[in-house]
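Data block below; observations after.
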Amino acid sequence: MKCMFCCCEDSKVIDSRSADEGRTIRRRRECVQCGKRFTTYETIEDTPVLVVKSDGTRQTYDPQKIKSGIIKSCEKRPVSMGKIDGLVDEITKCVYNSMEQEISSKQIGEMVMDGLKNLDEVAYVRYASVYRSFTDIDSFMAELQKMMANRK
107 MKCMFCCCED SKVIDSRSAD EGRTIRRRRE CVQCGKRFTT YETIEDTPVL
157 VVKSDGTRQT YDPQKIKSGI IKSCEKRPVS MGKIDGLVDE ITKCVYNSME
207 QEISSKQIGE MVMDGLKNLD EVAYVRYASV YRSFTDIDSF MAELQKMMAN
257 RK
């Protein structure tokens, strides 16, 4: 780290502590050449992930949107907020661990449906009915029959 006073590139770390709820490390340094002290901050580089919508538009990935959709589908169901938060965290980890800068909304929707299928079948059907845009009772029944076949 270059000293801001004498531009020497040699410094030693005197103190390190966590800052910003553990997302940043604050380091107190001392220049080896001039002896002056200064503070540096180390943070994780956050690269945004873009969601490619079905119409081709792109927007920044927002876990809060996923959470609100899951909450709507779990309304009046015995699903705790802890389980919903866990599912959102799991999906978010998958999105960021993919190391891709773009992900399709279809992939995210499939992840949500897979998670809801294991969490609550009624919430899954609610979410799928909106996500898959069932146009009539036949397409809805076909999805229910697939679920029933997988159950056996």
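The sequence shown: position 28 = 134 (our numbering), numbered continuously. Using N, Cα and C, we set each Cβ at its ideal position, and we do this for glycine too. All of these numbers come straight from a predicted model, not from anything done at the bench.
Non-local C-beta neighbours of residue 225 in its own chain, meaning closer than 7 Å and more than five positions away in sequence, comprise 185, 189, 193, ordered along the chain. Within the same chain, and ignoring the five residues on either side of residue 232 in sequence, the residues whose Cβ sits closer than 7 Å to its Cβ are 179. Annotated three-state conformation of residue 153 is coil, per DSSP. In the three-state reduction of the DSSP assignment, residue 119 falls in the strand class.
Here residue 135 is buried, its C-beta having at least 16 other C-beta atoms within 10 Å.
Your pair residue 196 and residue 221 checks out as a contact, with CB atoms roughly 7 Å apart and the cut at 8 Å. Restricting attention to alpha helix (DSSP H) runs no shorter than 4 residues, the region 135 to 220 encloses them at 169 to 179, 187 to 203, ordered along the chain. In the assembly as shown, residue 157 is a buried residue. Its beta-carbon has 16 or more other beta-carbons within 10 Å. Using a Cβ distance threshold of 9 Å, residue 152 and residue 137 do not count as a contacting pair. DSSP places residue 232 within a helical segment (H, G or I) once states are collapsed to three. According to DSSP, residue pairing for residue 125 in a beta bridge involves 130. Residue 150 sits exposed, since fewer than 16 C-beta atoms from the chains shown fall within 10 Å of its C-beta.
Distance from the CA of residue 181 to the CA of residue 143, rounded to the nearest whole angstrom, comes to 55 Å. The beta carbons of residue 155 and residue 213 sit about 11 Å from each other, so the pair does not count as a contact at 8 Å.
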